[in-house]
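Reminder that position 16 of the sequence shown reads as 72 in our numbering, one-by-one numbering, no gaps. Before any comments, here is the structure.
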Amino acid sequence: MITPADEEFLRRAIAIAAHAVTLGDAPYGSLLVGPDGAILAEAHNTVRRDDDISAHPELKLARWAARELDPDTAAGTTMYTSCQPCTMCAGGIARSGLGRVVYALATEQLVELNPASGTWPTVPQDGPALFDEARAPIDAFYRQDPVSAG
Ligand SMILES: [Zn+2]
Numbered sequence: 057m058i059t060p061a062d063e064e065f066l067r068r069a070i071a072i073a074a075h076a077v078t079l080g081d082a083p084y085g086s087l088l089v090g091p092d093g094a095i096l097a098e099a100h101n102t103v104r105r106d107d108d109i110s111a112h113p114e115l116k117l118a119r120w121a122a123r124e125l126d127p128d129t130a131a132g133t134t135m136y137t138s139c140q141p142c143t144m145c146a147g148g149i150a151r152s153g154l155g156r157v158v159y160a161l162a163t164e165q166l167v168e169l170n171p172a173s174g175t176w177p178t179v180p181q182d183g184p185a186l187f188d189e190a191r192a193p194i195d196a197f198y199r200q201d202p203v204s205a206g
């Protein structure tokens, strides 16, 4: 459920997205709000400026949260973002420990506004293969450090 307080933070995410356009960057913005309601970090899309396909604001903030927040704080932190996270960012968010995501535009709405946003191809993957060879470094690592979740 999206509350009036959520809507205020979403308006901030949309404002970050609008500001990004004035800088020549793509129109996507996000922020993190901690358990006490304070804004912890903000980011916008810098894919063009950084020549980095991973420079989505959601992934940048997920990486920041994983690095800077203790697990309890991360779990109590909400990401507000101007558009629904893409699959790349959703993967990073899942590993970050963040507790919640609130977005403004759904992916389907974004694609309706800009059809090119929905044209990512599915890359074929072949495998599994070479199980006995491929498991050796896995076995070696986790035998030394069984609690790591790399
Ligand atoms: Zn993304």
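Quick reminder that beta carbons are idealized off the backbone N, C-alpha and C, glycines included.
From the DSSP secondary-structure annotation, give me the bridge partner or partners of residue i.
i: R156; result: T134
i: E98; result: L87
Count the other CB atoms within 10 Å of the CB of residue i; is the residue buried (16 or more) or exposed (fewer)?
i: G148; result: buried
i: A61; result: exposed
i: T78; result: exposed
Tell me whether residue i sits in a helix, a strand or coil according to DSSP, three-state version.
i: C142; result: coil
i: L169; result: helix
i: L161; result: strand
i: L79; result: coil
- Message: With three or more C-beta pairs closer than 8 Å as the rule, is the segment 98 to 110 touching the segment 75 to 88?
- Response: yes
- Message: I'd like to know if the segment 67 to 78 and the segment 118 to 132 are in contact, where contact means that at least 3 CB-CB pairs between them fall below 8 Å.
- Response: no
- Message: Taking contact to mean 3 or more Cβ pairs, one atom from each stretch, closer than 8 Å, check whether the segment 180 to 197 and the segment 137 to 153 are in contact.
- Response: no
- Item | Closer than 6 Å to ligand 1: residues, by C-beta to nearest heavy atom, in chain order | H112, E114, L115, P141, C142, M144 and C145
- Are at least three pairs of beta-carbons, each pair with one atom in the segment 107 to 121 and one in the segment 134 to 145, less than 8 Å apart? yes
- Query: Should the segment 159 to 176 be regarded as contacting the segment 132 to 141, the criterion being three or more beta carbon pairs within less than 8 Å?
  - Reply: yes
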